[in-house]
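Note that my numbering gives residue 6 to position 6 of the sequence shown, counting from 1, and the numbers run on in steps of one. Where a beta carbon is used, it is the ideal one built from N, C-alpha and C, also for glycine. A short write-up of the structure that comes next.
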Amino acid sequence: MPHSIVTETCEGVADCVDACPVACIHPGSSKNLRGMDWYWIDFSTCIDCGICLQVCPVEGAIVPEERPDLQKTPQ
């Protein structure tokens, strides 16, 4: 199951972007409610490797399940 980035918790650190082996993490199209840059995971590309969870320094910014209710996904 793919992971999700919690849009309103993400601080745009982006350690996950460089660590992702399948390049499934992309920048958001605007700022989140806290005024921070944020990223999102393409659910169809994520291979559930968990590296993003390991490298993200922001507690609670990534959850280990597909949660479209927590992750904004630009269309």
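- Secondary structure of VAL13 (DSSP, three-state): coil.
- Contact between PRO27 and ASP15 fails: their C-beta atoms lie close to 14 Å from each other, not under 8 Å.
- Secondary structure in the segment 14-75: the beta strand (DSSP E) runs of 3 residues or longer, each lying completely within the stretch, are 25-27, 39-41 in chain order.
- Excluding five sequence positions before and after ILE62, the CB atoms of its chain that fall closer than 6 Å to its own CB belong to HIS3, ILE5, CYS52, LEU53, CYS56, given in chain order.
- Rounded to the nearest whole angstrom, the CA to CA distance from ARG34 to GLU65 is 23 Å.
- By the CB criterion at 8 Å, ILE47 and VAL17 fall outside the cutoff.
- Of PRO68, ILE25, ASN32, the smallest CA-CA separation from GLY50 is found for ILE25.
- Exclusion of the five residues before and after THR7 leaves ASN32, TRP38, GLN71, LYS72 as the residues of its chain whose Cβ lies within less than 6 Å of its Cβ.
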